[in-house]
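Below is one structure; the comments refer to it alone.
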Amino acid sequence: MPNKVIATVVGARPQFIKAAPVSRALKDSFQEILIHTGQHYDYGMSDVFFEEMEMQKPNFHLGIGGGNHSEQTGKMLIELEKVLNTIKPNILLVYGDTNSTLAGALSAAKTNIPVAHIEAGLRSYNRTMPEEINRVLTDHISTFLFCPTDVAIKNLAKEGITNGVHQAGDVMFDALLHNLTLARKKSDILFRLNIAKSEYALATIHRAANTDDKEKLKSILDGLASLETKVILPLHPRTSKMMNEWNLSVNKNIDLIEPIGYFDMLILQENANCILTDSGGVQKEAYLLGVRCITLREETEWVETVEAGWNILVGANSQLIRDSFVNWFPKTERIKFYGNGDASVKIAEILKQI
Ligand code: UD1
Ligand code: UDP
46 MPNKVIATVV GARPQFIKAA PVSRALKDSF QEILIHTGQH YDYGMSDVFF EEMEMQKPNF
106 HLGIGGGNHS EQTGKMLIEL EKVLNTIKPN ILLVYGDTNS TLAGALSAAK TNIPVAHIEA
166 GLRSYNRTMP EEINRVLTDH ISTFLFCPTD VAIKNLAKEG ITNGVHQAGD VMFDALLHNL
226 TLARKKSDIL FRLNIAKSEY ALATIHRAAN TDDKEKLKSI LDGLASLETK VILPLHPRTS
286 KMMNEWNLSV NKNIDLIEPI GYFDMLILQE NANCILTDSG GVQKEAYLLG VRCITLREET
346 EWVETVEAGW NILVGANSQL IRDSFVNWFP KTERIKFYGN GDASVKIAEI LKQI
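Spelled out as structure tokens, the structure:
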């Protein structure tokens, strides 16, 4: 067994997806200890991804889900420090921009363990977004910063961070390439939902700025209701909770379903005539799969998709949602922004040099 130990902190849906290819690439050189904070805990938000991608079970599960930001992050910090003092890893690895990311990075930095951040350097330049705070702070306490794009490298340079910065490509592209073939074999979601290629749009909504503002959430649902197509909407638990609280219902063209596994999600994305989303990962997957994306936000971290003409930012404006759906179509070839699908291998190679 390799004698170098890497501790990985994950907790939210997109982090399980990102960690799967990286864990595979690290296997020969590191003993990986997986710490699940418990931030996402429903079967469809967590276990399903471990099963589909045949990931190792977490060595530690902290069981910290729900609660407000300070409570959630604070509880994670308390428990993570105990775990890190026990396992004393050589490196701690975190992904993305969630509260689990920040808690992992901060607890490692305070116990003098070097932090490796995958998906470093992304910025929305909107400091009211909890994720923006998590990203900035994590980047500033990381030793290894793995950027998915050239824009991310430039963003870090603007903040004076140039040491330990690597452009390895995007591990989500690795995940997509690895799982799309499997998904095509295993998923029967089109049959289950009785839909066919290009005959529906796919939507996801979970960003706090949209879900926690009744007018915005209603306006997005009105926008989706105005589309003359079926809309499949796998609903994030945060969004269903807020829709219940505000008594918001959906028009009959919208098919509300539970959150789905990654295989089903890839198939729904690949076959949609349009994707409407406020997710970071889904915007990028839309681009990688060649599906036009209408982003339900005012800004994005994945600016290259907008500049390339495959993504349009409409916020929560129902009229813009409808107008873009009807009139806006990409006109250009896609450029390869996210590497070659070997980001995980490149990252593992760099970490191995330690
Ligand atoms: C979190 C991340 C966000 C990421 C998203 C991925 C932060 C600040 N936000 O947002 O960046 O895009 O995950 O999906 O870390 N809930 C359940 N069951 C679950 C998980 C959540 O019912 O399995 C409900 C709970 O009521 C919880 C709420 O959803 O309080 C919000 O969950 P939380 O993890 O705090 O934030 P997300 O909105 O999921
Ligand atoms: N995803 C999924 N099932 C769903 C919704 C999303 O598997 O019901 C996947 C999606 O394909 C992408 C990732 O989850 O790989 C994105 O996660 P999410 O939108 O929750 O978070 P974000 O990327 O915005 O942080």
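Take the sequence shown: its letters are residues 46 to 399, numbered as in our numbering.
All residues carry an ideal CB built from backbone N, CA and C; glycine is no exception.
Whole-angstrom distance between residue j and residue i, CA atom to CA atom
{"i": "L278", "j": "V295", "result": "10 Å"}
{"i": "R180", "j": "N171", "result": "11 Å"}
{"i": "S369", "j": "G326", "result": "21 Å"}
{"i": "I51", "j": "Q76", "result": "6 Å"}
{"i": "A202", "j": "N208", "result": "9 Å"}
{"i": "L333", "j": "L341", "result": "19 Å"}
{"i": "D73", "j": "A393", "result": "9 Å"}
{"i": "S152", "j": "G56", "result": "15 Å"}
{"i": "F61", "j": "K155", "result": "25 Å"}
{"i": "T146", "j": "I320", "result": "27 Å"}
{"i": "H211", "j": "L138", "result": "15 Å"}
{"i": "L129", "j": "G119", "result": "15 Å"}
{"i": "N385", "j": "D233", "result": "28 Å"}
{"i": "S187", "j": "K275", "result": "44 Å"}
{"i": "D448", "j": "S285", "result": "Limits of the chain in this structure are 46 at one end and 399 at the other, which puts residue 448 out of reach."}
{"i": "S115", "j": "L262", "result": "24 Å"}
Residue i, buried or exposed, once every other Cβ within 10 Å from all chains shown has been counted against 16
{"i": "V371", "result": "exposed"}
{"i": "N289", "result": "exposed"}
{"i": "W291", "result": "exposed"}
{"i": "E314", "result": "First, the amino acid is wrong: residue 314 is Gln here, not Glu. The residue in question, Q314, is buried, as its Cβ has 16 or more Cβ neighbours within 10 Å."}
{"i": "A144", "result": "Before going further, note that residue 144 is Asn rather than Ala in the sequence given. So N144 counts as buried."}
{"i": "P47", "result": "exposed"}
{"i": "K391", "result": "buried"}
{"i": "H85", "result": "buried"}
{"i": "F236", "result": "exposed"}
Ligand 3 heavy atom lying under 7 Å from the CB of residue i
{"i": "P175", "result": "Ligand 3 is not part of this structure, which contains only ligand 1 and ligand 2."}
Test item: CB-CB of residue i and residue j under 8 Å
{"i": "G89", "j": "G110", "result": "no"}
{"i": "A331", "j": "Y245", "result": "no"}
{"i": "I399", "j": "I78", "result": "no"}
{"i": "N298", "j": "L266", "result": "no"}
{"i": "A388", "j": "A197", "result": "no"}
{"i": "E124", "j": "F308", "result": "no"}
{"i": "I339", "j": "I302", "result": "no"}
{"i": "E346", "j": "R168", "result": "yes"}
{"i": "D195", "j": "H162", "result": "no"}
{"i": "G306", "j": "V93", "result": "yes"}
Span of the alpha helix (DSSP H) around residue i
{"i": "Y332", "result": "325–334"}
{"i": "L190", "result": "Note, L190: premise wrong, no alpha helix (DSSP H); beta strand (DSSP E) at 189–192."}
{"i": "V93", "result": "92–97"}
{"i": "H185", "result": "175–185"}
{"i": "D300", "result": "Careful: D300 lies outside any alpha helix (DSSP H), inside the beta strand (DSSP E) at 299–302."}
{"i": "Y307", "result": "307–316"}
{"i": "N356", "result": "First-last for N356: 356–358, but that is the beta strand (DSSP E), not the alpha helix (DSSP H)."}
{"i": "D128", "result": "The displayed chain sequence assigns Val, not Asp, to residue 128. First-last of the alpha helix (DSSP H) with V128: 114–132."}
{"i": "I395", "result": "388–397"}
{"i": "V210", "result": "V210 -> not in any alpha helix (DSSP H); beta strand (DSSP E) instead, spanning 210–212."}
{"i": "I320", "result": "I320 -> not in any alpha helix (DSSP H); beta strand (DSSP E) instead, spanning 319–322."}
Residue-chain proximity (residue i, chain C), Cβ-Cβ < 8 Å
{"i": "E77", "result": "This model lacks chain C altogether; it includes just one protein chain."}
Boundaries (first-last residue) of the beta strand (DSSP E) holding residue i
{"i": "A161", "result": "160–163"}
{"i": "L137", "result": "136–140"}
Please specify which runs of the alpha helix (DSSP H), each continuous and at least 4 residues long, are wholly inside the region 52–103, giving them in chain order. 58–71, 92–97
Completely contained alpha helix (DSSP H) runs for the region 215–283, where each covers 4 or more residues: 216–231, 234–238, 253–256, 259–270
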